[in-house]
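A.B. asks: My questions will all concern the structure given below.
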């Protein structure tokens, strides 16, 4: 069943017939892509090093990272072409180690955007990332905001995109291929250890259901806020978790309860239970429902991390980088980036050592 469904999602022989409408990358996914196909990538990296002697480890890494993005863009470019540029975009993420460096992020974004016409730029919802969204939008560069967990972040980047769009229109920038999505990483907020720590200190216990309702509640608020204010950005949901089992029916609340005019990112850990357990899912718009249990809301009102996260004025922009979910996610993404750079370093050592050995034998 799973293989059959996956072959419908992405049709290798004719990608334009695929069910997916786009694709994303991030540092862990990029590292996995390289590690899962070592024959291809070892040859590619080795050739890169041989034909571009004298570059630094970071430069070889950056060229490799861009090639990973280029290969992904190539796979879904037929969808982009068949839809006239409406669908078929891939999101290329900026180096997460630079989330506080505005100018370097902008420079990197321009490089990634030049790889393929179907590229969107994944920008962190950091303090500095808000301004990056504005600048890129003013240039007509499509964006996907990531490392984003809270309503204040969502509201700030939505306003930044709107301001950038106004600048672009004033300057008569080509916008036919521009679009903007804001990714709320739901599970990275609701599963953060700080949530349980704060609850325990207040004599509260948060159940699986409580946490999922909180994620649903904040996402719905974000959707309504953008809709009511006619913001040009669209909400995207990721970091979703399957469940619950009610009676003998397996549900997927993180998909069902926010169903509406949004985008979903569905990695393997979402697709597998969705296909294998959730065959009876009802696809109907629920994003405007107001069915979050009152006891969940009452508990959440006592938790500082939620008070920060569910009100658009819960944090100032200069506080974004210190939110617990921002810190932990940026750390995980940075470690994966370092992992890919170390992979490239391993190939450098192998090729350059072999080159010196060959030189020594010839001498």
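Residue numbers (UniProt numbering): 1 to 363. C-beta atoms are modelled at their ideal positions from N, C-alpha and C, and glycine is treated no differently. None of the values given here were measured: they were computed from a predicted structure.
Output the distance between the C-alpha atoms of residue 9 and residue 262, rounded to the nearest integer angstrom.
C.D. replies: Approximately 18 Å, taken between the alpha carbons.
A.B. asks: Rounded to a whole number of angstroms, what is the C-alpha to C-alpha distance between residue 45 and residue 354?
C.D. replies: Near 15 Å, if we compare the C-alpha coordinates of residue 354 and residue 45.
A.B. asks: In whole angstroms, give me the CA-to-CA distance for residue 5 and residue 242.
C.D. replies: Answer to the nearest angstrom: the Cα atoms are 18 Å apart.
A.B. asks: Take residue 91 as the anchor and find which of 74, 173, 250 and 302 has the nearest alpha-carbon.
C.D. replies: Checking every option, the nearest Cα to that of residue 91 belongs to 74.
A.B. asks: Out of 63, 244, 227 and 275, which one is the CA nearest neighbour of residue 1?
C.D. replies: Of the candidates 63, 244, 227 and 275, the one whose C-alpha sits nearest the C-alpha of residue 1 is 275.
A.B. asks: Answer yes or no: do residue 152 and residue 333 have a C-beta to C-beta separation smaller than 8 Å?
C.D. replies: No; because the gap between Cβ atoms is not below 8 Å, this pair is not in contact.
A.B. asks: Which same chain residues, not among the five before or five after residue 351, have their C-beta less than 6 Å away from its C-beta?
C.D. replies: Correct list, in chain order: 46 and 49.
A.B. asks: Let me make sure I understand the geometry here. Which of 231, 101 and 149 has the alpha-carbon closest to that of residue 159?
C.D. replies: Closest by alpha carbon: 231.
A.B. asks: Compare the beta carbon distance of residue 27 and residue 245 with 8 Å and say whether it is the shorter of the two.
C.D. replies: No, the Cβ-Cβ distance between residue 27 and residue 245 is not below 8 Å.
A.B. asks: Residues in the same chain with beta-carbon distance under 7 Å from residue 347, minus the five sequence neighbours each way, listed in chain order, please.
C.D. replies: Contacts found: 42, 45, 46 and 49.
A.B. asks: With distances taken Cα to Cα, identify the nearest neighbour of residue 166 among 288, 220, 137 and 117.
C.D. replies: The shortest C-alpha separation from residue 166 is found at 137.
A.B. asks: Beta strand (DSSP E) containing residue 93: first to last residue?
C.D. replies: Counting along the chain, the beta strand (DSSP E) containing residue 93 begins and ends at 89-93.
A.B. asks: Which whole-angstrom value describes the C-beta separation of residue 184 and residue 148, a residue pair presumed to lie in contact below a C-beta threshold of 8 Å?
C.D. replies: Confirmed, Cβ separation roughly 6 Å.
A.B. asks: Taking only three categories from DSSP, how would you classify residue 329?
C.D. replies: Residue state, collapsed to three classes: helix.
A.B. asks: Tell me where the alpha helix (DSSP H) around residue 105 begins and ends.
C.D. replies: It spans 102-113 - the alpha helix (DSSP H) in which residue 105 sits, taken as one unbroken run.
A.B. asks: Could you pull out every residue in the same chain whose Cβ sits closer than 6 Å to the Cβ of residue 150, ignoring the five residues on either side in sequence?
C.D. replies: The residues are 309.
A.B. asks: For the candidate residues 238, 182, 130 and 57, whose alpha-carbon lies nearest to that of residue 226?
C.D. replies: Taking only the C-alpha atoms, the option nearest residue 226 is 182.
A.B. asks: Residue 25 and residue 72 - do their beta-carbons sit closer together than 8 Å?
C.D. replies: Yes, the Cβ-Cβ distance between residue 72 and residue 25 is below 8 Å.
A.B. asks: By alpha-carbon positions, which one of 286, 20 and 196 ends up nearest to residue 303?
C.D. replies: Comparing Cα-Cα distances from residue 303 to each of 286, 20 and 196, the minimum goes to 196.
A.B. asks: For residue 52 versus residue 88, is the C-beta distance shorter than 8 Å?
C.D. replies: Cβ distance not < 8 Å, so residue 52 and residue 88 don't count as in contact.
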